[in-house]
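Worksheet: the structure to be examined is printed underneath.
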Ligand SMILES: *[C@@H]1O[C@H](CO)[C@@H](O)[C@H](O)[C@H]1NC(C)=O
């Protein structure tokens, strides 16, 4: 369910950058959006650790030290909530919603895998804040918070996601020269699937409600044909899958709900649906985003 957010038309947002939700949010709204992300992450990590003891981690093949690191990540999320709430004041700060992770993880392994995904999305959400900031609010107090504390938090989350990916999952510690920024609406389209209900008193934010996109294979190889599980309004209309990887986007045509996975993608990549190859902006998103993973082995090389 979509949380307490107004579905405003985003007028005047120019499609200059792939991941820009240009100028749609005031600085305070971006802090409020960040708190929505933090509240969800904090609830997710605390819930997983409350469910799985040290013995459960050991039985699943993860050391006590690994659970200790997850406890540190949970502490970080709780501290982000406290820090940002204090910064904008309790009157303006959204509080936690109710969340449902019942089907999202069912054992320690699926919990740590989802943690990697949620921390990556968190980092991407913070990295997209600067592009979403309305320049007319640059002089507001919260702008420094968004740009400076936001950068600090983005880096912490990216390190934590990198640790999960490498030490816990045995995959790559990083996946290229550029981390991936997402617009608030794109990031929230993934996280929103875990939200059940939010308090009415939480602030309205200019987030666009996007239909959930599921993919038939979340770890495909280049050249694979995958099915994008979304009902498109007009079967006749041309649609493309947009694959956001670092600062670049790659497109593939969708035919009868299927698309061929492009080559050259690495690590955590976000895929969505757009109507054309040249104007990927929140205004044009046809669906929300799904997370897909590609291996980035030690001998792989990135190109710009
Ligand atoms: C930016 O803020 C100004 C002043 O509040 C507002 O008039 C304008 O519509 C905002 N821009 C966007 C893209 O939301």
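In mature numbering (1 follows the signal peptide of the UniProt record, and there is no 0), the protein residues as written are -20 to -1, 1 to 284.
Quick reminder that beta carbons are idealized off the backbone N, C-alpha and C, glycines included.
On a predicted model such as this, the values are computed, not experimentally measured, just so you know.
Query                                                                                                                                                                       : Result
Could you check whether the Cβ of residue 192 sits closer than 7 Å to any heavy atom belonging to ligand 1?                                                                 : no
Is the number of C-beta pairs between the region 122 to 130 and the region 21 to 35 that are closer than 8 Å three or more?                                                 : no
Hey, is residue 114 close to ligand 1, as in C-beta under 7 Å from one of its heavy atoms?                                                                                  : yes
Given this structure, state the Cα-to-Cα distance separating residue 170 from residue 104, to the nearest angstrom.                                                         : 11 Å
At a cut-off of 7 Å, would you count residue 43 as near ligand 1, judging by its Cβ distance to the nearest heavy atom?                                                     : no
Using the DSSP secondary-structure output, state which residues sit across from residue 252 in a beta bridge.                                                               : 222
Let me confirm a value: residue 71 is counted as buried when at least 16 other C-beta atoms fall within 10 Å, else exposed. Which label applies?                            : exposed
Which residue comes first and which comes last in the beta strand (DSSP E) that contains residue 270?                                                                       : 270 to 274
Hey, residue 133 and residue 106: beta-carbon distance below 8 Å or not?                                                                                                    : yes
Taking C-beta to C-beta, are residue 249 and residue 272 nearer than 8 Å?                                                                                                   : yes
By the DSSP assignment, the alpha helix (DSSP H) with residue 130 in it spans what residues?                                                                                : 130 to 143
DSSP three-state call for residue 37: helix, strand or coil?                                                                                                                : helix
Measure the C-alpha to C-alpha separation of residue 61 and residue 270 and round it to an integer number of angstroms.                                                     : 25 Å
Taking Cβ to Cβ, would you say residue 20 is nearer than 8 Å to residue 50?                                                                                                 : no
Once you ignore the five residues that flank residue 28 on each side, which residues in its own chain have a CB closer than 6 Å to its CB?                                  : 91
Among 153, 241 and 268, which one has its Cα closest to the Cα of residue 164?                                                                                              : 268
With DSSP as the reference, label residue 109 as helix, strand or coil.                                                                                                     : helix
Which same chain residues, not among the five before or five after residue 100, have their C-beta less than 6 Å away from its C-beta?                                       : 141 and 248
Is it buried or exposed, residue 197, if we count other Cβ atoms within 10 angstroms and call 16 or more buried?                                                            : exposed
With a CB to CB cut of under 7 Å and the five nearest residues on each side skipped, what residues in its chain are close to residue 233?                                   : 220 and 239
Over the uninterrupted alpha helix (DSSP H) stretch that includes residue 162, give me the two end residues.                                                                : That residue, residue 162, is in no alpha helix (DSSP H); it is neither H nor E in DSSP.
Does DSSP put residue 281 in a helix, a strand or coil?                                                                                                                     : coil
Mind pulling the alpha helix (DSSP H) runs of 4 or more residues that sit fully within the region 4 to 33?                                                                  : 7 to 31
Quick test of your reading: residue 185 and residue 9, contact by CB under 8 Å. State the CB separation rounded to the nearest angstrom.                                    : 6 Å
Output the residue ranges of the beta strand (DSSP E) runs that lie fully inside the region 155 to 201 and measure 3 residues or longer, sorted by chain position.          : 175 to 177
Once you ignore the five residues that flank residue 230 on each side, which residues in its own chain have a CB closer than 8 Å to its CB?                                 : 222, 223, 242, 244 and 245
Can you determine whether any heavy atom of ligand 1 sits closer than 7 Å to the C-beta of residue 4, and answer yes or no?                                                 : yes
Taking only three categories from DSSP, how would you classify residue 238?                                                                                                 : strand
Do you know offhand how far residue 138's Cα is from residue 147's?                                                                                                         : 14 Å
For residue 188, collect the residues of the same chain with a Cβ closer than 6 Å to its Cβ; drop the 5 residues on either side in sequence, then sort them by chain order. : 165 and 262
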